[in-house]
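Same order as they appear, the protein sequences are chains A and B. For the record, in the first sequence the residue sitting at position 108 is 108 according to the numbering used here, with numbers rising by one throughout. Just add 1000 to wherever you are in the second sequence, counting from 1, and you've got the numbering used here.
Protein chains: 2
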Amino acid sequence: MGELSALDLDEAAFWRPLMRIMTALPRALEDQFLPETGLAITDYGVLVALSEAPDHLLRISGLAATTGLSLSRISRVVDDLTRRGLVEKRRCAEDGRASNAVLTEAGLARLEAAYPSHLARVRAAVFDHLSAEDIRTAGPVLARLATALDTAPPTDDC
Amino acid sequence: MGELSALDLDEAAFWRPLMRIMTALPRALEDQFLPETGLAITDYGVLVALSEAPDHLLRISGLAATTGLSLSRISRVVDDLTRRGLVEKRRCAEDGRASNAVLTEAGLARLEAAYPSHLARVRAAVFDHLSAEDIRTAGPVLARLATALDTAPPTDDC
DNA sequence: TTTGGCTGGTTGCGCAAGCAAGCTTTCGGT
DNA sequence: ACCGAAAGCTTGCTTGCGCAACCAGCCAAA
């Protein structure tokens, strides 16, 4: 290390905005969302993940993977959602160590009720400011970056 | 609200990766950076902001604005950096309420020492996975999004 | 000049999140 | 059949962060 060249102009013009977005977007999304729906984005993410899973059922660890949260966090979030009746936790039949989280009726209803608000926030924060062209050209780049981040967490240094 | 159409395919292909990036990138950057340099990215951001300011001097509130952190957080971070000798806090002469944070020699040295590590992390996490073309086409889109987020925080609903 | 409002910053507190250590169940090897 | 290692959570503790309440210095306007 130490022999790397600094960012060039194009890179800087990519990097700076990306940093701003990383810090500002989450707040822009969450701020109105929680009061409007009674769900934290984290909760919402968990419910979405379950709603997209076969039988609305997912292992705790699978939930952690798809939401990108730590196992410990997911454990507590699922407990909380269970307490609120939006999710049910069942010990897995074929593996006594594992648990499955299942979306309840109430959970699905809550998710559906929250969806418009989420959509509105996303549109207001992101898509209202971009052209169709923007979205089409930048989308694939973001996709490459995202998959790289997903697959490269084990240090690919050296 | 409630009358919004769902995301179309292009939008979804933009939004999903963006969410992944928002959650995964910060960790990818911070994980090695702190052990390598003894600086949290937040600390690093503050030092960078100061280093780019005239006379290496910035109001506390200015620091909050440029870093995108809350005033309270900045207040504590600056206190901490002061305790570590990387920054100096001076009560402002022409306004007794205000404080200025100034980068010390040690702070500048620390920043310069940390820079290669930061660069390496950014390259490994981001630019190593993107082509020059990617960067050139997506950069402006990210820039639009970032300025929109910076200027639109007061709810532009209704 | 005094008083009420403002602005810049600090502090008390609570919450989300991760890490590390623990517990239980499973599985592979002998 | 047994034992050690590993998998799948859970729980205790720490940290980063923001909000809201607060305090001090500034600035009108009466």
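The C-beta atom is built at its ideal place from N, Cα and C for all residues, glycine as well. Remember, it's a predicted structure, so these values are computed and weren't measured experimentally.
Partners in chain A for B/V1126, counting only beta-carbon separations shorter than 9 Å: Indexing the second sequence from 1 puts residue 1126 of chain B at position 126. What B/V1126 touches in chain A: E11, F14, W15, L18, L145, A148 and L149.
Short CB-CB distance (under 8 Å) between B/P1054 and chain A: Position 54 of the second sequence holds residue 1054 of chain B. By this cut-off, B/P1054 is not an interface position.
Grouping DSSP H, G and I as helix and E and B as strand, with all else coil, what is A/L103? The residue given as residue 103 of chain A occupies position 103 in the first sequence. Shown here, A/L103 sits in a strand according to DSSP, grouped into three states.
On the premise that A/D150 lies in contact with B/A1024, defined as a C-beta separation below 8 Å, what is that separation, rounded to the nearest angstrom? Sequence index remark: in the second sequence, residue 1024 of chain B carries index 24 (1-based). Sequence index remark: in the first sequence, residue 150 of chain A carries index 150 (1-based). About 7 Å separates the two Cβ atoms, so the contact holds.
So with CB distances below 7 Å, who are the chain A contacts of B/P1035? Numbered from 1 along the second sequence, position 35 holds the residue referred to as residue 1035 of chain B. In chain order: nothing, as chain A lies at least about 12 Å away.
Contact the stretch 1097 to 1113 of chain B vs the stretch 1050 to 1058 of chain B: 3+ CB pairs below 8 Å: Counting C-beta pairs closer than 8 Å gives three or more between the stretch 1097 to 1113 of chain B and the stretch 1050 to 1058 of chain B, which meets the contact rule.
Straight-line CA distance for B/T1147 to B/L1029? Taking the first residue of the second sequence as 1, we reach residue 1147 of chain B at position 147. Taking the first residue of the second sequence as 1, we reach residue 1029 of chain B at position 29. A direct Cα-to-Cα measurement between B/T1147 and B/L1029 gives close to 23 Å.
Identify every residue that forms a DSSP beta bridge with A/E88. Sequence index remark: in the first sequence, residue 88 of chain A carries index 88 (1-based). According to DSSP, A/E88 bridges with A/V102.
According to DSSP, is A/L71 helix, strand or coil? Numbered from its first residue, the first sequence carries residue 71 of chain A at position 71. A/L71 falls in the helix class under three-state DSSP.
Excluding the five sequence neighbours on either side, which residues of its own chain have a C-beta within less than 8 Å of the C-beta of A/S70, listed in chain order? For the purposes of this step, residue 70 of chain A is taken as the residue at position 70 of the first sequence. Contacts found: A64.
Which residue spans inside the stretch 9 to 78 of chain A form an unbroken beta strand (DSSP E) run of at least 3? Qualifying beta strand (DSSP E) stretches, in chain order: 57 to 59.
Which value, in whole angstroms, describes the spacing of the CA atoms of B/T1067 and B/M1022? Here residue 1067 of chain B refers to the residue found at position 67 of the second sequence. Here residue 1022 of chain B refers to the residue found at position 22 of the second sequence. Distance from the CA of B/T1067 to the CA of B/M1022, rounded to the nearest whole angstrom, comes to 17 Å.
Can a CB atom of chain A be found closer than 8 Å to the CB of B/R1076? Mapped onto the second sequence, residue 1076 of chain B falls at position 76. The Cβ of B/R1076 sits no closer than 8 Å to any Cβ of chain A.
Of the choices B/W1015, B/A1143 and B/R1076, whose alpha-carbon is the least far from that of B/V1226? Because chain B spans 1001 through 1158 in this model, residue 1226 of chain B falls outside it and cannot be assessed.
Determine whether the beta carbon atoms of A/A13 and B/A1143 lie at a separation below 8 Å. Within the first sequence, the letter at position 13 stands for residue 13 of chain A. Within the second sequence, the letter at position 143 stands for residue 1143 of chain B. Annotated as proximal: A/A13 and B/A1143, with beta-carbon spacing under 8 Å.
How big is the Cα-Cα spacing for B/A1113 and A/T82? Taking the second sequence and counting its residues from 1, one reaches residue 1113 of chain B at position 113. Taking the first sequence and counting its residues from 1, one reaches residue 82 of chain A at position 82. Rounded to whole angstroms, B/A1113 and A/T82 show a C-alpha spacing of 48 Å.
Since B/S1117 and B/E1011 should fall inside the 8 Å C-beta cutoff, what is the C-beta to C-beta distance between them, to a whole number of angstroms? Looking up residue 1117 of chain B in the second sequence gives position 117. Looking up residue 1011 of chain B in the second sequence gives position 11. Rounded to the nearest angstrom, the Cβ distance from B/S1117 to B/E1011 is 36 Å, too far for a contact under 8 Å.
Inter-residue spacing [alpha-carbon to alpha-carbon] between A/P140 and B/L1050: Stepping through the first sequence from its first residue, residue 140 of chain A is reached at position 140. Stepping through the second sequence from its first residue, residue 1050 of chain B is reached at position 50. Cα to Cα, the separation comes out at about 35 Å.
Ends of the alpha helix (DSSP H) at B/V1126? The sequence position of residue 1126 of chain B within the second sequence is 126, counting from 1. Per DSSP, B/V1126 lies in no alpha helix (DSSP H) segment and is marked neither H nor E.
Do B/L1047 and B/L1111 have their CB atoms nearer than 8 Å? Here residue 1047 of chain B corresponds to residue number 47 of the second sequence, with the count starting at 1. Here residue 1111 of chain B corresponds to residue number 111 of the second sequence, with the count starting at 1. Yes, Cβ-Cβ distance for B/L1047 and B/L1111 is below 8 Å.
Is the shortest distance between the beta-carbon of B/I1060 and the beta-carbons of chain A less than 8 Å? Counting from 1 along the second sequence, the entry for residue 1060 of chain B is found at position 60. Residue contact with chain A for B/I1060: absent (no Cβ-Cβ distance below 8 Å to any residue of chain A).
I'd like to know whether the C-beta of B/D1080 is nearer than 8 Å to at least one C-beta of chain A. Walking along the second sequence from the start, residue 1080 of chain B turns up at place 80. No, no contact with chain A.
Measure the C-alpha to C-alpha separation of B/K1089 and A/R20 and round it to an integer number of angstroms. As a working mapping, residue 1089 of chain B is identified with position 89 in the second sequence. As a working mapping, residue 20 of chain A is identified with position 20 in the first sequence. Answer to the nearest angstrom: the Cα atoms are 26 Å apart.
Considering A/D95, what are the terminal residues of the alpha helix (DSSP H) in which it resides? The residue labelled residue 95 of chain A in the question sits at position 95 within the first sequence. A/D95 -> no alpha helix (DSSP H), and no H or E assigned at all.
Which value, in whole angstroms, describes the spacing of the CA atoms of B/A1093 and B/D1043? Taking the first residue of the second sequence as position 1, residue 1093 of chain B is located at position 93. Taking the first residue of the second sequence as position 1, residue 1043 of chain B is located at position 43. Rounded to whole angstroms, the gap between the alpha carbons of B/A1093 and B/D1043 is 26 Å.
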